[in-house]
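Enquirer:
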Amino acid sequence: MIIKLPESVYKYIAAGEVINHPCDAVKELIENSIDAGADKIYIKIKEGGKRKIVVTDNGTGIPYDEVELAVGRYTTSKIKTLDDLLNLKTFGFRGEALHSIATVSKLTIRTSIDNSGIGYEFYFEDGILKEKKPCPHNKGTTCIVEEIFYKFPARRKFLLNKEAETRKIIETFLLYSIANPKISFILENEDEIIYNLEKMENIKDRIVEIYGEEILKEFYEFNQDFKNFSYYIFISKKENLINNPFIKFIFVNQRPIIDKKMTQILNNIYKTPEKYPNYILFLFVPPSEMDVNVHPQKIEVRFSNSLKIYQRIKEDIENKIKERAFLPISEFKIKDLKFEVKKFVKEEIKQLEFGEIPKEEEKIKIDFKNIYQLQKKYIVLILDSGIVIIDQHTAHEKILYEKLKKRNYKSENLLFPLIFNLTSELMRTLLRFQENLEIMGFGISILGRNTISIDRIPGIFKKIEKENFIEILKEIEGEKPKIDIDNLLKVIACKMAVKSGNKLEENEMLNLISELFSLSDPLFCPHGRIIIYEMSIEEIDRKFGR
Ligand SMILES: Nc1ncnc2c1ncn2[C@@H]1O[C@H](COP(=O)(O)OP(=O)(O)OP(=O)(O)O)[C@@H](O)[C@H]1O
Ligand SMILES: [Mg+2]
């Protein structure tokens, strides 16, 4: 028996299709701001957007008597007729976004349509207007989305952890900022500005603004006009292919889209297994030749078949790449250098791996009656035969160094990837040594000009703090391009080791001691400092004249 669902049910189902993650709300709000003609969009997020998302623009604002209507379902100012739908020039057209957001969160809209400095604030819960009052606001609109899915515990459960949701928002942010260089975009995460993008003339300048000048050297830049469509692409040169490309953006008429077929074509354009290009592809197709209304989040499009877009773009890019490959390339030096570094690193590692065959560690049995930590610096063991004092930092440094040298560990995924900013200098250092660090077992993604994410670390470390990583980079900043691998191991071991001043639990001390004594030479740290100081009972007796 077929029934018509009551409104109380169907409004949630529809909303579910539009907003699944905080980044979907960010996407919709950015689109609304762009449609409103804003040239400045300021985004703030808390806890990966799960607690709070604020999007402020300087667009047209919403007439006060239309705000409530705007939050209603199927209410839009952007299309009126079916004809408009076939010739879309705006991101929005369903009149669905604000409604969906309001249904799953606490939504506040502040807006002003003039420059009087005064506007109106509207507060919605469950999609229903609860409060309305004047507030200070410049021309434009601020949407505040709080406690997303607070009444939908099951759907809240499907949200990812804070860091992963933050990454999705950053990706959304980058997509829209790349495609709209003439708009200034700011992203603030937990009160820290992580992107502050000024208005730029063109897409290329925006790419440099986000990823830095260097990225352009890695890219070919092609464009081509066909009869009914055109494209513009930045795509890695063959020598710059990587395992995990971090830029994989496709836009149709500046709208970011997901297109599996095109993605596959671009990934395999060089036909190299396991190495892929970064790319940013812009397609320009007359709105009448495509349909964006095939997906609730407007992220898939369908092209009119007659254009044969895929085949023609594929052939054109392949031809252009071939042509370029025969041209003398001025960046040969950079390429060679990179290659040498890579080769060198591999050989060094091999030596370390095979030069000394790792023995199964013989764990010595420790039966200590008493273990103490002295001044959060030393571990003191009281034995029958005397007293042993161990420097906790150098001991741990030595243990880690030996493990790094043996390399019989795995790289492990972090449950919560670490996202943070680096200064431009440290970013340069990272780019120089990224390859070396990855071979050691760190998984590093570059999210933007100064933003990185650490997703994997050598399994011998339980965790990593951003301070540890920054200290490693600072320490290797002055190294030559061919870093001495043994030195890198020492730096990593030193910066990841427990510090003098760290409080250790008894079991941590026990572990540390047992690992230290299972080494063949536990006496000196990699830098040559003494680790263990012993005083036998005889020595103590002598001191007391016994
Ligand atoms: N930041 C904004 N500035 C000005 N007007 C806005 C803004 N956000 C929303 N509006 C108005 O509210 C209406 C409803 O917005 P909503 O996002 O729900 O629908 P839409 O953008 O028309 O379509 P879609 O659901 O596809 O996004 C818009 O058509 C627009 O008139
Ligand atoms: Mg919209």
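One point on numbering: in numbering that gives the first Met the number 0, the residue at position 298 of the sequence shown is 297, and numbering is uninterrupted. Ideal Cβ placement from N, Cα and C applies to all residues, glycine included. Fair warning: this is a prediction, and the values are worked out from it, not measured in the lab.
In the structure shown, what three-state DSSP assignment does Asn267 receive?
Expert: Coil at Asn267, not helix or strand.
Enquirer: Whole angstroms are fine: how far does the CA of Lys498 sit from the CA of Lys375?
Expert: Roughly 9 angstroms separates the two Cα atoms.
Enquirer: Given a cut-off of 8 angstroms on the beta-carbon distance, is the pair Asp125 and Thr102 in contact?
Expert: Yes, they are a contact pair.
Enquirer: Cutting at 8 angstroms between CB atoms, please list the residues of its own chain near Arg311, excluding the five before and the five after it.
Expert: Excluding residues within five positions, the ones whose Cβ falls inside 8 angstroms are Phe225.
Enquirer: Here's a check: name, in chain order, each residue in its chain whose Cβ is nearer than 8 angstroms to the Cβ of Asp366, leaving out the five neighbours to either side.
Expert: In this prediction, Asp366 scores a pLDDT of 49, lower than 50, which makes its location untrustworthy; no coordinate-derived value is stated.
Enquirer: Near Ile117, which residues of its chain fall below 8 angstroms by C-beta distance, leaving aside the five closest residues on each side in sequence?
Expert: Contacts found: Ser111, Pro133, Cys134, Pro135, His136.
Enquirer: How many angstroms separate the CA atom of Glu189 from the CA atom of Glu46?
Expert: Approximately 7 angstroms between the Cα atoms of the pair.
Enquirer: Nearest to Leu429 by CA position, among Glu470, Tyr219, Lys129, is which residue?
Expert: When each option's Cα is compared against that of Leu429, the closest is Glu470.
Enquirer: Can you tell me the Cα-Cα spacing of Phe338 and Lys274, whole angstroms?
Expert: Caution is warranted here: a pLDDT of 29 is assigned to Phe338, below 50, making its placement in the model unreliable, and the coordinate value is therefore given only provisionally. Distance between the alpha carbons of Phe338 and Lys274: 15 angstroms.
Enquirer: Which whole-angstrom value describes the C-beta separation of Thr393 and Ile418, a residue pair presumed to lie in contact below a C-beta threshold of 8 angstroms?
Expert: The Cβ separation is near 32 angstroms, so there is no contact.
Enquirer: At 3 residues or longer, what runs of the beta strand (DSSP E) sit wholly inside the segment 32 to 96?
Expert: The qualifying runs are 39 to 45, 51 to 56.
Enquirer: What residue does the beta strand (DSSP E) around Phe228 start on, and which one ends it?
Expert: Unbroken run through Phe228: none, as it is neither H nor E.
Enquirer: Residues in its own chain within less than 7 angstroms of Asn420 by CB, not counting five upstream and five downstream?
Expert: Contacts found: Ile193, Asn449, Thr450.
Enquirer: Since I believe Pro521 is in contact with Ala492 (beta carbons under 8 angstroms), could you give me their beta-carbon distance rounded to a whole number of angstroms?
Expert: Contact flag wrong, Cβ pair sits at about 14 angstroms.
Enquirer: Using the beta-carbon count (16 or more within 10 Å), is Tyr175 buried or exposed?
Expert: When all chains shown are included, Tyr175 counts as buried.
Enquirer: Distance check for Lys105 and Val490, CA to CA, integer angstroms please.
Expert: Spanning the two alpha carbons is a distance of roughly 48 angstroms.
Enquirer: Tell me the DSSP secondary structure of Ser517 in three-state form.
Expert: Note: Ser517 maps to coil in three-state DSSP.
Enquirer: Out of Lys88, Gln372, Ile61, Ser235, state which residue places its alpha-carbon closest to the alpha-carbon of Glu288.
Expert: Checking every option, the nearest Cα to that of Glu288 belongs to Lys88.
Enquirer: Just to confirm, is the Cβ distance from Leu280 to Ile249 under 8 angstroms?
Expert: Yes, the pair counts as a contact, with Cβ atoms nearer than the cut-off.
Enquirer: If you measure between the beta carbons of Val532 and Ile388, is that distance less than 8 angstroms?
Expert: A small correction: the amino acid at residue 532 is Tyr; Val does not occupy that position in the sequence shown. Yes; because the gap between Cβ atoms is below 8 angstroms, this pair is in contact.
Enquirer: To which residues of the same chain is Glu347 closer than 7 angstroms at the C-beta, ignoring the five residues directly before and after it?
Expert: The pLDDT assigned to Glu347 is 34, lower than 50, so where the model puts this residue is not dependable; a value taken from the coordinates is nonetheless given after this. Hits under 7 angstroms: Ile484.
Enquirer: Can you tell me whether Ser32 sits near ligand 1, meaning its C-beta is under 7 angstroms from at least one heavy atom of the ligand?
Expert: Ser32 Cβ: within cutoff of ligand 1.
Enquirer: Start and end of the beta strand (DSSP E) containing Phe415?
Expert: Looking at the DSSP string, the run of the beta strand (DSSP E) that includes Phe415 is 410 to 420.
Enquirer: Contact defined as beta carbons within less than 8 angstroms: I believe Pro180 pairs with Glu200. What is the distance between those atoms, to the nearest angstrom?
Expert: Yes, Pro180 and Glu200 are in contact; Cβ-Cβ is about 7 angstroms, under 8 angstroms.
Enquirer: Can you look up Asp483 in the DSSP assignment and give me helix, strand or coil?
Expert: Coil at Asp483, not helix or strand.
Enquirer: Is DSSP giving Ser303 helix, strand or coil here?
Expert: Correct three-state label for Ser303: coil.
Enquirer: Should Gly442 be counted as a contact of ligand 2 given a C-beta to heavy atom distance under 7 angstroms?
Expert: No, the beta carbon of Gly442 sits no closer than 7 angstroms to any heavy atom of ligand 2.
Enquirer: Going by C-alpha distance, which of Ile386, Lys216, Arg109, Asn243 is nearest Phe233?
Expert: Comparing Cα positions, the closest option is Lys216.
Enquirer: Could you tell me if the beta carbon of Ser76 falls within a distance shorter than 7 angstroms of some heavy atom in ligand 1?
Expert: Correct: Ser76 has its Cβ closer than 7 angstroms to ligand 1.
Enquirer: Are there any heavy atoms of ligand 1 lying less than 7 angstroms away from the beta-carbon of Asp56, as far as the coordinates show?
Expert: Yes, the beta carbon of Asp56 sits closer than 7 angstroms to at least one heavy atom of ligand 1.
Enquirer: May I ask you to list the residues that DSSP assigns as paired with Ser111?
Expert: In the DSSP output, where bridge partners are listed per residue, Ser111 has Gly139.
Enquirer: First and last residue of the alpha helix (DSSP H) that includes Glu191?
Expert: Per DSSP, Glu191 belongs to no alpha helix (DSSP H); it is in the beta strand (DSSP E), 191 to 196.
Enquirer: Using 7 angstroms as the cut-off, classify the Cβ of His395 as near or not near the heavy atoms of ligand 1, replying yes or no.
Expert: It does not: the Cβ of His395 is nowhere closer than 7 angstroms to a heavy atom of ligand 1.
Enquirer: Can you give me the C-alpha to C-alpha distance between Lys49 and Ala153, rounded to a whole angstrom?
Expert: If you take the alpha carbons of Lys49 and Ala153, they lie about 14 angstroms apart.
Enquirer: State the DSSP-derived secondary structure class of Lys181, mapped to helix, strand or coil.
Expert: Three-state result, Lys181: coil.
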